[in-house]
Amino acid sequence: MDMPVNVPVDNPNADTEWNDILRKHGIIPEKPPSPTPIIEEAILEGRRLAHENRLEGKDLDELDGLEDEEDEEFLEKYRYVSSFDRAYIMYLMVHRFRRRKQRLAELSTITKASLYGQVYPLQKPDYSRDVTEASKSSFVLVHLTSSLGTNIESRLLTELWRDLARKFGDIKFCEIRGDLCIEGYPEKNCPTILAYHNGDILRQIITLKQFRGQQTSIDDIARLLVDVGAVKPNDYRILRTQDHSAHRRPDNEDDDDDWDD
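Quick note on my numbering: the sequence shown kicks off at 23 and runs consecutively.
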């Protein structure tokens, strides 16, 4: 009967030619995979996400400074590019500069026009002044709310209204109970959205069934803003809203739990 052979092994995890031979013959187990690639991948993913989110919450001055830093980094790399490619790179830089000026001009215009930034509660006697007259200088959206706390759609739209008011500060978002605004206004019609501009009603939407009911999101209302002309389709706030909504929870997930108080 063959007796087992004791093979001297200093460190079974060391990368030596002797250990490779022992592993090949099954005398010692294979070396466990190094965690380094996983760690490196996680670091790269973290840097990627940080780069993608670098514009979040920055004002005009901070955005301008960030672009200056990125331009300097780009020019440093440009020094090592072959002369054959430089003409094309210069074309790209000019195109980028023009887009940058256009984007900063748009941001500046939006910032100057952002007079509101909150939801304004309405009183019936002031409706003409605060809505009809105000719509002659900016778009005004009114939410006719339910008088019942059990109306889930109305409660949902109230929350969305607050987020929209913060995001689109150049649009005036208002709110008033439907039965206080219009005597005898049917509860079944709440919530109702009224979009005003130049003193006229552009759109009236009764309940959220025209969107996605209780699954309605900021993205859905943002499309309404585009439809009525309150914002442009290429407005950076619309593009960011669409990007965020692409990562929202699937529609078949149960979102009603948040409103079952």
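Even glycine gets a Cβ: it sits at the ideal position worked out from N, Cα and C.
| query | result |
| --- | --- |
| Kindly list the residues whose CB is nearer than 7 angstroms to the CB of residue 228, restricted to its own chain and excluding five residues on each side of it in sequence; keep chain order. | 211 and 214 |
| Here's the rule: buried if 16 or more other CB atoms are within 10 angstroms of the residue's CB, otherwise exposed. What is residue 49? | exposed |
| Is residue 43 buried or exposed, if buried means 16 or more other CB atoms sit within 10 Å of its CB? | exposed |
| Spatial neighbours of residue 242 within its chain, please: C-beta separation below 7 angstroms, excluding the five flanking residues on both sides. | 233 and 234 |
| How far does the alpha helix (DSSP H) with residue 187 in it reach, from first residue to last? | 174 to 189 |
| May I have the straight-line CA-CA distance separating residue 261 from residue 51, to the nearest angstrom? | 53 angstroms |
| Counting Cβ pairs, one atom from each stretch, are 3 or more of them under 8 angstroms apart for the region 250 to 259 and the region 196 to 205? | no |
| Might you give, ordered along the chain, the residues of its own chain that have their beta carbon closer than 8 angstroms to the beta carbon of residue 225, omitting 5 neighbours on each side? | 215, 216, 217, 246, 249 and 250 |
| Assuming the contact rule is C-beta atoms closer than 8 angstroms, residue 199 and residue 169 should be a hit. Round their C-beta distance to whole Å, please. | 5 angstroms |
| DSSP three-state call for residue 144: helix, strand or coil? | coil |
| Which residues in the same chain as residue 144 place their Cβ atom closer than 8 angstroms to its Cβ, once the five residues preceding and following it in sequence are excluded? | 152, 153, 164, 196, 197, 198 and 203 |
| Among residues of its own chain, excluding the 5 on either side of residue 220, which ones have a beta-carbon nearer than 8 angstroms to its beta-carbon? | 157 and 158 |
| Determine which residues share a DSSP beta bridge with residue 198 and list them. | 166 |
| In whole angstroms, what is the alpha-carbon distance linking residue 192 and residue 160? | 7 angstroms |
| Among 147, 155, 142 and 148, which has the Cα closest to the Cα of residue 167? | 142 |
| By Cβ distance, which residues of its chain are closer than 6 angstroms to residue 137, with the 5 residues on each side in sequence left out? | none |
| What does the alpha-carbon distance come out to for the pair residue 223 and residue 63? | 53 angstroms |
| Relative to the C-alpha of residue 183, which residue among 66, 140 and 252 is closest? | 140 |
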